[in-house]
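Note that the sequence shown ends on residue 424 in my numbering; no numbers are left out. A virtual CB, placed ideally from N, CA and C, is assigned to each residue, including glycine. Written out below as structure tokens is the structure these notes cover.
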Amino acid sequence: MADASGLFNPSFPSLKSRIKPSIEASGHGFYFTDRISKRVSCSSDVEGAGKLSPSESRAPWLVSKGCKLVGCGSAVPTLQVSNDDLAKIVDTSDEWISARTGIRNRRVLTGKESLVSLATEAARKALHMAEIEPDDVDMVLFCSSTPEDMFGSAPQIEKALGCKRHPLSYDITAACSGFMLGLVSASCHIRGGPFRNILVIGADALSRFVDWTDRTTCILFGDGAGAVLLQACDSEDDGLFSFDMHTNGDGQRHLNAVIKENKVDHAVGSKGSVLGFPPQLVSYSNIHMKGKEVFLFAVRNVPHSIESALQKAGLSGSDIDWLLLHQVYRTLLGLYQGVC
85 MADASGLFNP
95 SFPSLKSRIK
105 PSIEASGHGF
115 YFTDRISKRV
125 SCSSDVEGAG
135 KLSPSESRAP
145 WLVSKGCKLV
155 GCGSAVPTLQ
165 VSNDDLAKIV
175 DTSDEWISAR
185 TGIRNRRVLT
195 GKESLVSLAT
205 EAARKALHMA
215 EIEPDDVDMV
225 LFCSSTPEDM
235 FGSAPQIEKA
245 LGCKRHPLSY
255 DITAACSGFM
265 LGLVSASCHI
275 RGGPFRNILV
285 IGADALSRFV
295 DWTDRTTCIL
305 FGDGAGAVLL
315 QACDSEDDGL
325 FSFDMHTNGD
335 GQRHLNAVIK
345 ENKVDHAVGS
355 KGSVLGFPPQ
365 LVSYSNIHMK
375 GKEVFLFAVR
385 NVPHSIESAL
395 QKAGLSGSDI
405 DWLLLHQVYR
415 TLLGLYQGVC
């Protein structure tokens with residue numbers, strides 16, 4: 085399991101005169117804006133990995149250069165699957181799902197749609213808002229647990245955007261906390277390196293790994309993409325106030341999609357040469373989740389992570405204008421509001 089929180093103060097100059105205060109969020113998280121709002125706090129919890137103590141707070145040597153959010157965008161598939169649609173497959177109802185999760189519909193990839201195309205669309209919108217050309221992008225971070233290439237999908241997004249300078253592009257796999265980790269990673273690249281404009285994209289096609297006959301998981305997951313552009317700025321305009329990130333690999337038993345062996349290819353077989361060779365082909369299982377344990381993990385850890393991020397930023401709960409959480413349990417939202 086992992087929990088992550090952060091305080092962000094992005095600015096979107098191109099929208100300042102056109103829209104009312106608003107906020108964008110992705111990943112298991114919440115974060116704020118100034119100019120478009122005041123401040124944003126981000127938080128995230130997920131099942132999976134070891135402790136990231138070096139990333140718990142901003143190192144002093146990184147403050148000479150800051151970063152800010154200057155653009156955002158999103159994209160979703162065409163197909164919309166309602167709770168009533170799911171009720172035709174499993175024993176559930178719109179009332180049961182919406183009362184517990186707040187979800188009434190989810191989007192699912194179909195036909196010729198791809199995760200790369202969704203991510204590219206979201207990234208284009210972020211670049212348009214920031215008034216930045218693809219050739220001015222210095223890095224692309226693709227945060228996803230469901231890339232369409234085992235070696236990563238970030239390079240395909242960079243290609244689809246038409247970035248002729250071929251900026252460094254790579255994937256980050258951290259499940260629900262991936263987007264938060266992408267934001268923090270991008271800020272570190274900007275503060276500690278020559279990078280000025282970094283695209284951070286969070287996208288997943290979890291529907292491909294859902295057992296649609298499993299009521300405990302099929303009601304929760306769908307597909308989509310969101311992107312932001314982080315830009316270097318003077319330290320006094322820095323928008324990332326603080327963050328708090330941890331992981332606990334013990335939680336993997338409560339939420340996972342593990343490798344499973346497929347049946348042996350009898351056309352090849354071992355032919356008696358070496359026992360167990362050639363190795364069997366593998367694929368990922370459907371998503372397995374113990375909802376109660378995941379719920380309890382979130383209740384125990386996320387409030388502490390939020391409080392830690394606030395403390396590191398020198399802020400209190402009363403300073404928060406927007407609290408955005410990547411959370412599918414409606415009841416948890418009320419619990420987290422007590423922190424701010």
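Quiz item: DSSP state of residue 159, grouped into three classes?
Solution: Residue 159 falls in the strand class under three-state DSSP.
Exercise. To the nearest angstrom, report how far apart residue 273 and residue 315 are at their CA atoms.
Key: Going by the C-alpha atoms only, they are around 11 Å apart.
Quiz item: Name the DSSP beta bridge partners of residue 372, please?
Solution: 340
Quiz item: Can you tell me where the beta strand (DSSP E) with residue 331 in it begins and where it stops?
Solution: 324–331
Self-check item: Short Cβ contact (8 Å threshold) for residue 359 with residue 155
Solution: no
Quiz item: Are there three or more Cβ pairs, one per stretch, closer than 8 Å when the segment 199–208 is compared with the segment 251–270?
Solution: no
Quiz item: Under a three-way DSSP split, which group does residue 278 fall into?
Solution: coil
Self-check item: CA-to-CA distance, residue 345 to residue 236, given in whole angstroms
Solution: Cα to Cα, residue 236 sits roughly 22 Å from residue 345.
Quiz item: Alpha carbon to alpha carbon, what distance is there between residue 172 and residue 296?
Solution: 11 Å
Quiz item: Ends of the alpha helix (DSSP H) at residue 303?
Solution: Element bounds for residue 303: n/a, residue is neither H nor E.
Quiz prompt | One or two residues paired with residue 313 in a DSSP bridge | solution = Paired residues: 155, 283.
Quiz prompt | residue 190 versus residue 372: straight-line alpha-carbon distance, rounded | solution = When rounded, the distance between both Cα atoms is 19 Å.
Quiz item: Sorted by chain position, which residues of the same chain lie with C-beta nearer than 8 Å to residue 250's C-beta, five sequence neighbours on each side aside?
Solution: Residues 242 of the same chain have their beta carbon placed closer than 8 Å to that of residue 250, with the five preceding and five following residues left out of the count.
Quiz item: With 16 as the cutoff for other CB atoms within 10 Å, does residue 338 come out buried or exposed?
Solution: buried
Quiz item: Whose C-beta lies closer than 7 Å to the C-beta of residue 149 among residues of the same chain, with five residues either side of it excluded?
Solution: 274, 275, 316, 319
Quiz prompt | Limits of the beta strand (DSSP E) - the one that residue 249 falls within | solution = Where residue 249 is concerned, there is no enclosing beta strand (DSSP E), given that its DSSP letter is neither H nor E.
Quiz item: Expressed to the nearest angstrom, what Euclidean distance is found between the alpha-carbon atoms of residue 196 and residue 160?
Solution: 14 Å
Practice problem: Classify residue 384 as helix, strand or coil using the three-state DSSP reduction. | Solution: helix
Quiz item: Given residue 305, which residues of its chain have a CB within under 6 Å of its CB, disregarding the five upstream and five downstream residues?
Solution: 290, 294
Quiz prompt | Environment of residue 240 [buried if 16+ CB atoms lie within 10 Å] | solution = buried
Exercise. Over the uninterrupted beta strand (DSSP E) stretch that includes residue 190, give me the two end residues.
Key: 189–192
Quiz prompt | Per-residue DSSP class, three states only, for residue 416 | solution = helix
Quiz item: From residue 256 to residue 216, what does the alpha carbon distance come to, in whole angstroms?
Solution: 23 Å
Quiz item: What separation, rounded to the nearest whole angstrom, lies between the Cα atoms of residue 410 and residue 365?
Solution: 34 Å
Exercise. Closer than 6 Å by C-beta to residue 271: which residues in its own chain qualify, once you throw out the five before and the five after it? Chain order, please.
Key: Within the same chain, residue 271 has close Cβ partners 151, 324.
Quiz item: Using a Cβ-Cβ cut-off of 6 Å (strictly less than) and excluding sequence neighbours within five positions of residue 166, which residues of its own chain qualify?
Solution: 189
Quiz item: For residue 345, which of helix, strand or coil comes out of DSSP?
Solution: strand
Exercise. Give me the Cα-Cα distance between residue 405 and residue 347, rounded to the nearest whole angstrom.
Key: 54 Å
Self-check item: Nonlocal neighbours in the same chain, by C-beta distance under 6 Å from residue 369, ignoring five residues either side
Solution: If we look at residue 369 and ignore the five residues flanking it on each side, its Cβ neighbours are 341, 342, 344.
Exercise. Below 7 Å CB to CB, which residues in the same chain sit around residue 321 once its five sequence neighbours on both sides are set aside?
Key: Spatial neighbours of residue 321 in its own chain (CB-CB distance under 7 Å, excluding positions within 5 residues in sequence) are listed in chain order as 150, 152.
Quiz prompt | Outcome for residue 330 when other beta-carbon atoms lying within 10 angstroms are tallied against a minimum of 16 | solution = buried
Quiz item: For the candidate residues 202, 363, 213, whose alpha-carbon lies nearest to that of residue 286?
Solution: Closest by alpha carbon: 202.
Practice problem: Taking only the alpha-carbon atoms, compute the straight-line gap between residue 408 and residue 280 and give it to the nearest angstrom. | Solution: 26 Å
Quiz prompt | For residue 213, the nearest candidate out of 223, 248, 283 (CA to CA) | solution = 283
Quiz item: So, is residue 200 buried or exposed, given that buried needs 16 or more other C-beta atoms within 10 angstroms?
Solution: buried
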